[in-house]
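In the numbering used here, the protein residues as written are 35 to 567.
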């Protein structure tokens, strides 16, 4: 195989593609053990680790992003919703052209995408949404004649760094901790672009970290408040003659009430329960937590309608789960990464490099009113609109029928009927005259070839004048159609204005012309019966 080059012009080492390159190690820097910077996190420490991530040391920031998903149920929920919504969209492949080799390349990608693991693998690639980037190693299978990824193995982002010069080129940390370039055709390097700038600063964990920190402070204070004021204050009273032993008995009784809800004291002693009237403080903790959750929802989902309790149904439906423009942007970025880091390597390794490659598209299927489409087809096809059957089948999700498959037909049509070839129109002298002529023709022997030639000549002469008669009528119809479309009118309004548009047209010559064509078509059918015409 000739030397292959990636999109950056770097040569591809086929030998390295067969080896697992970024797996974990026991003694090197690529260990699975992780720190937990969320423990004891303070504003000063958070500011320092965010600054360190920009300066080229993102380890603590990436560990914090992982902690946030584990410790904050709200952040985990909205982030998973965003990733699941995109990873669950339809993935389609478009061939570069209709040429056989381009169609073959597209089929190669389609065959590989038809895997049960695909949605989970895309979910892992979308880990970049929270952390800013993700690195997925392609484990190539070369056991057969083709190069196929046997799996896509997501790698710990702590094992990668960005080039210190441009801050955008990802590099793998070797076992000694030195950054080395990624092997071409070996990784899916996805960068989530929620903002312009350095990739490490584009993750949603960065913008959500401050809300996470303040919410933790709020919850801690709320728990302490509940611990102190959740149980009424117990006050024990003893008489003036009580000794130290009596006081200890009373104190032990007061403490036991909190723990055991039961105590025994002498009759000379009493215990009072004092409830705290501080409901406003409880609301403060709750309101602050709700406010911070709303800010995270806005940052991750672009809205709060599907995460807030009590939202109006109409508002929640308008918001949906993830705002559609955000969903489309995530899907577009993911498709671009897969086209660059997966589609091109697969095609190059199996079919060789080319100028244009098939393209993966990830998007929500277009919602179309199929009932309205059917109604419009019934009305527009008779007016001359040409529509391919395969196009309509695709819109309705119907496969092309097999040659020997039983087909559905309109009432009155047989299995072999061809709706595209109707019976020849009868001349404008009534159906009885037409039926009579067919009966006479069936009883007569076939006409000689000279008669058939004469009919052909007559039909040809009539067809020569057809376009001149039809063009003015079609021009009026087209002009009306363009006007209705420009005004956004419905088909019913177009149909209502059609008689007015044709009112100034002289349809007499066209009617006469159609009558002659019908007559000659009928005559051709009678005279040509003997030679399979």
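Beta carbons: idealized from backbone N, C-alpha and C, even for Gly.
Beta-bridge annotation (DSSP): residue 194 is paired with 206. Counted as a single uninterrupted DSSP element, the beta strand (DSSP E) harbouring residue 185 occupies residues 182–189. In summary, residue 116 is buried, with 16 or more beta-carbon neighbours lying within 10 Å of its beta-carbon over all protein chains present. Taking a 10 Å sphere around the C-beta of residue 236, we find 16 or more other C-beta atoms and assign the residue as buried. The Cβ atoms of residue 140 and residue 129 lie closer than 8 angstroms to each other. Around the beta carbon of residue 380, a 10 Å sphere encloses 16 or more other beta carbons of the protein chains shown; the residue is thus reported as buried. In the three-state DSSP reduction, residue 221 falls in the strand class (E or B). Note that the C-beta distance between residue 226 and residue 167 is below 8 angstroms. Between residue 72 and the set 96, 89, 58, the nearest pair of CA atoms involves 96.
Annotated three-state conformation of residue 215 is strand, per DSSP. Counting along the chain, the unbroken alpha helix (DSSP H) around residue 381 starts and ends at 378–385. If you look at residue 396, you'll find it in the beta strand (DSSP E) that goes 393–397. In the DSSP assignment, residue 174 is bridged to 183. Beta-bridge partners assigned by DSSP to residue 126: 395. Around the CB of residue 249, 16 or more other CB atoms lie within 10 Å, so the residue is classed as buried. Across the structure, residue 367 and residue 322 are spaced so that their CA atoms are roughly 35 angstroms apart. Ranked by Cα distance from residue 399, the first of 212, 105, 118, 125 is 125.
Remark: three or more beta-carbon pairs, one from each stretch, lie closer than 8 angstroms, so the stretch 43–54 and the stretch 173–191 are flagged as touching.
DSSP, reduced to helix, strand and coil, places residue 68 outside both helices and strands of the structure shown, so it counts as coil. Between the stretch 93–109 and the stretch 58–76, the count of C-beta pairs closer than 8 angstroms reaches three or more; the two stretches touch. Secondary structure note for residue 138: its alpha helix (DSSP H) is the uninterrupted segment 134–147.
Residue state for residue 39 is assigned as strand, using DSSP reduced to three classes. Between residue 369 and residue 394 the beta-carbon gap is near 5 angstroms, inside 8 angstroms, which marks them as a contact. The beta carbons of residue 258 and residue 164 sit no closer together than 8 angstroms.
With a beta-carbon spacing of about 15 angstroms, residue 507 and residue 528 fall beyond the 8 angstroms limit used to define contacts. Exposure of residue 251 is indicated by the presence of fewer than 16 other C-beta atoms within 10 angstroms of its C-beta. Residue 229 carries a coil assignment under DSSP once its states are collapsed to helix, strand and coil.
One thing to note: residue 196 has its Cβ within 8 angstroms of the Cβ of residue 233. The DSSP-derived three-state label of residue 332 is helix.
By the neighbour-count criterion, in which a residue is buried when 16 or more other Cβ atoms sit within 10 angstroms of its Cβ, residue 327 is buried.
Secondary structure note for residue 115: its alpha helix (DSSP H) is the uninterrupted segment 107–121.
By the CB criterion at 8 angstroms, residue 242 and residue 330 fall inside the cutoff.
DSSP places residue 410 inside the alpha helix (DSSP H), whose first and last residues are 404–414.
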